[in-house]
Structures are given as C-alpha cells and as structure tokens.
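Numbering (this note's numbering), first residue to last: 360 to 501.
Given below as structure tokens:
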C-alpha cells in the first residue's frame with residue numbers, strides 16, 4: 360500500500376511539473392506581399408542573418424535567433440518563442456526586418472491594404488497578433 364501511495368504521489372508530482380512548464384510556441388503564420396499586383400518577396404533569414412536582424416528588443420524570447428524569423432522566401436514567419444504567455448505581433452516582425460514597425464511601408468513602398476485570414480483590417484497600421492496558420496496579405500503601391 361505504501362509503494363502504491365508513493366507511486367501515486369510521484370505521478371501527481373510529474374503531472375504538476377509538466378503542466379506548469381512553459382514549452383513556448385512554434386507557430387507558422389504566412390505573410391504574402393504584393394507590389395502593383397506582382398509578388399514582392401519576403402527575404403529568407405529575417406531575424407537569423409545579422410544584416411536582416413535590425414531590432415533586438417525581443418531577443419530574450421528567442422532561442423539563438425530572433426523569436427520571429429524566416430528561413431526561406433515563402434513568406435512563412437516562424438514564431439519560435441520560449442513562452443506562451445505573450446502575444447507577438449506583425450509590428451514586431453516588421454521591426455526585426457528593419458521595416459517601419461507601424462506597418463506603413465515595406466521596402467519604402469506604402470502599404471495600401473492589409474488583410475488577415477481574408478478580413479480587411481481597418482488600417483495598414485493595425486496591430487496584428489500572429490497566430491499559427493494565419494494568412495496575412497499586404498498590398499503595396501509604387
């Protein structure tokens with residue numbers, strides 16, 4: 360009986376520790392950008408390559424790279440953070456990339472439209488919280 364009780368306490372203890380451990384998140388929203396109807400590439404290695412890592416204010420949440428970054432030109436934003444207790448935004452990704460964090464321009468081209476999962480946002484400078492599987496579309500003008 361004593362052994363059974365000790366096993367039960369060990370299982371409860373392990374369950375409690377696992378439940379309280381914050382494993383962070385690894386999400387993949389997608390950003391597509393168009394300029395005058397043509398695709399405008401989101402560079403590979405934003406937040407990985409030092410030349411594409413302009414803002415380091417979120418470094419405490421990353422794991423060897425910016426917590427918001429890209430690996431290729433597909434537009435997939437990797438949200439790889441060590442906490443699930445904080446929202447991360449499109450503005451923060453743009454700041455890491457070195458773009459105006461208010462979302463007003465990309466590569467010097469004004470943002471004329473912003474949609475998230477097909478829903479038009481009130482303004483291109485809206486604060487978009489990044490979520491897994493989210494589809495973000497920005498339209499630029501010359």
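Ideal placement from N, C-alpha and C gives every residue a C-beta, glycine not left out.
DSSP three-state assignment for residue i, whether helix, strand or coil
i           : result
residue 417 : coil
residue 412 : coil
residue 368 : In this prediction, residue 368 scores a pLDDT of 43, lower than 50, which makes its location untrustworthy; no coordinate-derived value is stated.
residue 455 : helix
residue 430 : coil
residue 387 : coil
residue 499 : strand
C-beta contact flag for residue i and residue j at 8 Å
i           : j           : result
residue 389 : residue 434 : yes
Anticipated Cβ contact below 8 Å, residue i with residue j, distance rounded
i           : j           : result
residue 464 : residue 414 : Not quite, the Cβ-Cβ distance comes to about 16 Å (not below 8 Å), so this is no contact.
residue 495 : residue 488 : Incorrect: roughly 11 Å between the Cβ atoms, too far for contact.
residue 401 : residue 420 : At roughly 21 Å, the Cβ-Cβ gap does not stay under 8 Å, so residue 401 and residue 420 are not in contact.
Residues of its chain near residue i, where Cβ-Cβ distance is below 6 Å and the 5 sequence neighbours each way are ignored
i           : result
residue 437 : 428
C-alpha gap between residue i and residue j, whole angstroms
i           : j           : result
residue 431 : residue 405 : 9 Å
residue 386 : residue 477 : 19 Å
residue 425 : residue 448 : 13 Å
residue 412 : residue 382 : 24 Å
Chain-order list of residues whose beta-carbon lies under 8 Å from that of residue i (same chain, five-residue window excluded)
i           : result
residue 321 : The structure shown does not extend to residue 321, since the chain spans only 360 to 501, so no value can be given for it.
residue 501 : 394, 395 and 468
residue 459 : 453
residue 491 : 384, 386, 387, 388 and 438
Close-in-space but distant-in-sequence residues of the same chain around residue i (CB under 7 Å, 5 per side omitted)
i           : result
residue 384 : 438, 440 and 443
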